[in-house]
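Asker: With positions in the sequence shown counted from 1, the corresponding number in my numbering is that position plus 11.
One structure is given below, represented as structure tokens, and several questions about it will come after.
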Amino acid sequence: MKLQLKKQVLPEFAEMYVACFGVWPKKHKLAAEFFGVSEQTAKRWYETNNPSLVAHRYLTVHYRGYLPLTGAWQFCRIDKDGILHTPHGVCSPGDITMLWRYKWSAEQNARQYQKAKQKLKDLQSGTQLKMLRHTADYLNRLVLELTQE
Numbered sequence: 012m013k014l015q016l017k018k019q020v021l022p023e024f025a026e027m028y029v030a031c032f033g034v035w036p037k038k039h040k041l042a043a044e045f046f047g048v049s050e051q052t053a054k055r056w057y058e059t060n061n062p063s064l065v066a067h068r069y070l071t072v073h074y075r076g077y078l079p080l081t082g083a084w085q086f087c088r089i090d091k092d093g094i095l096h097t098p099h100g101v102c103s104p105g106d107i108t109m110l111w112r113y114k115w116s117a118e119q120n121a122r123q124y125q126k127a128k129q130k131l132k133d134l135q136s137g138t139q140l141k142m143l144r145h146t147a148d149y150l151n152r153l154v155l156e157l158t159q160e
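Below, the structure written as structure tokens:
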């Protein structure tokens with residue numbers, strides 16, 4: 012039984028190679044250690060831009076920061092500094108951490124809004140409103156009496 016690999020459009024090998032291993036002379040040595048092949052093989056793959064499919068997929072996985080190649084992550088990658096690159100911009104680990112804080116803050120604000128809304132409803136329809144109106148009416152009459160004397 013032969014294993015069939017799912018066909019996918021893979022990013023440009025040479026571009027990923029340079030992004031992962033740099034442009035300096037020892038890039039082929041680093042790549043050879045990464046792939047587990049000879050330095051000559053890594054150099055040939057880079058120069059011909061034609062590596063084995065497994066090596067191409069392996070580098071793609073590494074280049075993308077171990078994100079899946081499908082779904083919402085298809086056009087995203089995480090670089091060596093931990094920055095998430097998306098089609099809409101970049102996102103640092105600190106930004107992702109703050110997302111939780113923003114979500115928590117929004118939930119707290121929504122909870123406070125609902126409480127205030129309920130208090131207002133209670134004030135407008137309950138006995139507290141009647142008592143408040145009665146007190147205001149009493150104070151108005153008291154002020155009138157004091158100013159007329």
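Quick reminder that beta carbons are idealized off the backbone N, C-alpha and C, glycines included.
Owing to the predicted nature of the structure, the values given are computational and were not obtained by experimental measurement.
If you measure between the beta carbons of Glu-50 and Lys-38, is that distance less than 7 Å?
Answerer: No, the pair does not count as a contact, with Cβ atoms beyond the cut-off.
Asker: List the DSSP bridge partners of Cys-102.
Answerer: Bridge partners of Cys-102: Leu-95.
Asker: Does Tyr-55 come out as helix, strand or coil in the three-state DSSP assignment?
Answerer: Here residue 55 turns out to be Arg, not Tyr, going by the sequence shown. In this structure, Arg-55 counts as helix in the three-state DSSP scheme.
Asker: In the DSSP assignment, the alpha helix (DSSP H) including Cys-31 goes from what residue to what residue?
Answerer: It spans 24-32 - the alpha helix (DSSP H) in which Cys-31 sits, taken as one unbroken run.
Asker: Check for me: the alpha helix (DSSP H) holding Lys-227 runs from which residue to which?
Answerer: Because residue 227 is not part of the residues shown, which for the chain are 12 to 160, the question remains open.
Asker: Pull the bridge partners of Arg-88 from the DSSP assignment, please.
Answerer: According to DSSP, Arg-88 bridges with His-96.
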